[in-house]
Amino acid sequence: MENVSYQKTGNTALITLHKQDTMNALCKSLIADINAGLDQAEADAEIYTIVITGYGKAFIAGADIDEMYGKSPSEIWDWSALGSSLNLRLEKMPCPVIAAINGYALGGGLELAMACDIRIASGNAKLGLPEAGLGVICGAGGTQRLPHIVGEGIAKEMIFTGKTIDAEEAYRIGLVNRVVSPDALLEEAFALANSINQNGQLAVRAAKEAVRFARNAGIEDGCILERQKFSALFETEDQKTGMGGFLRKEKNIVFKNR
Ligand code: HXC
C-alpha cells in the first residue's frame, strides 16, 4: 500500500490516499492500494465503519489522465472496470463508509465519493464531473449515481457543463451531508463514525443492505426485504439489549453485535 495509509482507531478504519504528485488521481496502483485497505478493514471484525480521505489539496482529482490517454476502447473498457468495481465494492461493503472530502473531488474522485454511504466536505472542497470537457463521460458510475443523489435536472447540468461546484453548493443540492472547516474534517468524520459505532452493528448493516436494495427494487419487494431483515433481527441478542434496555430505562446501552 505505497500510496494509501491505513489507521485503526477504536472501531473505525481511516484510509488516507497520499499520492500527492498527481493529487491522488486514480491509477491502477492507487486503486489496488485502496482495495488493499478495504481488504484489511473487511478482515477485521472490530471495524464497524470506514472513513476515506485524501492527504493534501485533493480528495481525488479524478482518474489518472496520463494513464488513460493512449488507451484503445477495449483497453479502457478493462481499465475502467477497476474503478467501476471498486465503487460497487464500496457500495456493497457490509459496514458504512464515510467520504471525508478534503479538497478536489473531481471525475472519478467524485464517483468514488458518491459510492460511499455518507459524504462530508471541508469548506475548501471542490466537486464536479469535468469529463465532458475532456471529450469523454464518467466511467465509474457517475451518470448512474449523481441523478439518484441530487435529482436528474441538477445532475444533468453538472455532467453536461462539467462545472465544478464548491462545498456550500454541494451541501445545498444534497451532494454532501455537511460542510465543516478543513481543520475539523477528520474530527467530524470520526464523530459521525462513532455515533454509528455505538449502535447495534447487525442493525446498521441490515439497514445499509435494505437501503441499497431500494435502488433497484419496487416498493413492494423493498418492503418485503425490509420486513425480513426486521424480523431476523428479533433473533439477535442486540434486539433484546436495545429494546430491553429502553424498557429498563438504561442509560448506556452497549451492544455485543450478535
Ligand atoms: C493525472 C493529474 C490529475 C489527473 C492533477 N494531476 N489531476 N494527473 N490525472 N486527473 C497532476 C497534474 O498534472 C500536476 O502534475 C499535479 O497533479 C498538480 O496539478 P495542477 O494542475 O498543477 O494543480 P492545480 O493548478 O492546483 O489544479 C488542480 C486541479 C487540476 C484543478 C485538480 O489538476 C485538474 O483540473 N485536474 C484534472 C481534473 C479532471 O479533469 N479530472 C477528471 C479526470 S477524467 P505535474 O506533473 O504537472 O506537477 C475521470 C474519468 C473517470 O476522472 C473514469 C473512471 C473509470
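With my numbering applied, the sequence shown corresponds to residues 2 to 259, in that order. Note that CB positions come from ideal geometry on N, CA and C, so glycine has one too.
*Check the DSSP bridge columns for Ala-101 and list the partner residues they point to.*
One-based indexing of the sequence shown puts residue 101 at position 100. Answer is Thr-54 and Ile-121, bridged to Ala-101.
_Considering Cα atoms alone, identify which of Ala-126, Pro-131 and Thr-50 is closest to Glu-92._
Taking the first residue of the sequence shown as position 1, residue 92 is located at position 91. Of the listed residues, the one whose Cα sits closest to Glu-92 is Thr-50.
*Whole angstroms is fine: what's the gap from Ile-225's alpha carbon to Ser-30's?*
On the sequence shown, position 224 is the one that residue 225 refers to. On the sequence shown, position 29 is the one that residue 30 refers to. Answer to the nearest angstrom: the Cα atoms are 41 Å apart.
*asked:* Does Glu-78 pass the burial test, meaning 16 or more other C-beta atoms within 10 Å, or should it be called exposed?
replied: Numbered from its first residue, the sequence shown carries residue 78 at position 77. This sequence places Trp at residue 78; Glu is not what is there. Label assigned to Trp-78: exposed.
_For Lys-257, three-class secondary structure by DSSP_ = Numbered from 1 along the sequence shown, position 256 holds the residue referred to as residue 257. Coil at Lys-257, not helix or strand.
_Closest Cα partner of Lys-20 within the set Arg-90, Thr-54 and Val-180_ = Mapped onto the sequence shown, residue 20 falls at position 19. The shortest Cα separation from Lys-20 among Arg-90, Thr-54 and Val-180 belongs to Thr-54.
*Euclidean distance between Cα positions of Ser-288 and Glu-76*: Within the shown structure, residues of the chain are numbered from 2 to 259, placing residue 288 beyond reach of any answer.
*asked:* Using a 10 Å radius around the Cβ and a threshold of 16 neighbouring Cβ atoms, would you call Gln-8 buried or exposed?
replied: Within the sequence shown, the letter at position 7 stands for residue 8. Gln-8 should be labelled exposed.
*Note the first and the last residue of the continuous alpha helix (DSSP H) segment covering Gly-110.*
For the purposes of this step, residue 110 is taken as the residue at position 109 of the sequence shown. Run containing Gly-110: 109 to 116, per the alpha helix (DSSP H) assignment.
*Can you tell me where the beta strand (DSSP E) with Leu-128 in it begins and where it stops?*
As a first step, residue 128 is located in the sequence shown; it is residue number 127 there, counting from the start. Unbroken beta strand (DSSP E) run through Leu-128: 127 to 129.
*Arg-146: buried (16+ other C-beta within 10 angstroms of its C-beta) or exposed?*
Taking the sequence shown and counting its residues from 1, one reaches residue 146 at position 145. Classification of Arg-146: buried, given that the 10 Å Cβ count is 16 or more.
*Comparing the CB of Cys-117 with every heavy atom of the ligand HXC, is any distance shorter than 7 Å?*
Residue 117 sits at position 116 when you count from the first residue of the sequence shown. Flag unset: Cβ of Cys-117 not near the ligand HXC.
*Ignore the nearest five residues each way along the sequence and tell me which others in Arg-206's own chain have a CB closer than 6 Å to its CB.*
Indexing the sequence shown from 1 puts residue 206 at position 205. If we look at Arg-206 and ignore the five residues flanking it on each side, its Cβ neighbours are Pro-95.
*Where in the region 50 to 95 do unbroken runs of the beta strand (DSSP E), each at least 3 residues long, occur, reported from the N-terminal end onward?*
50 to 55 and 59 to 61
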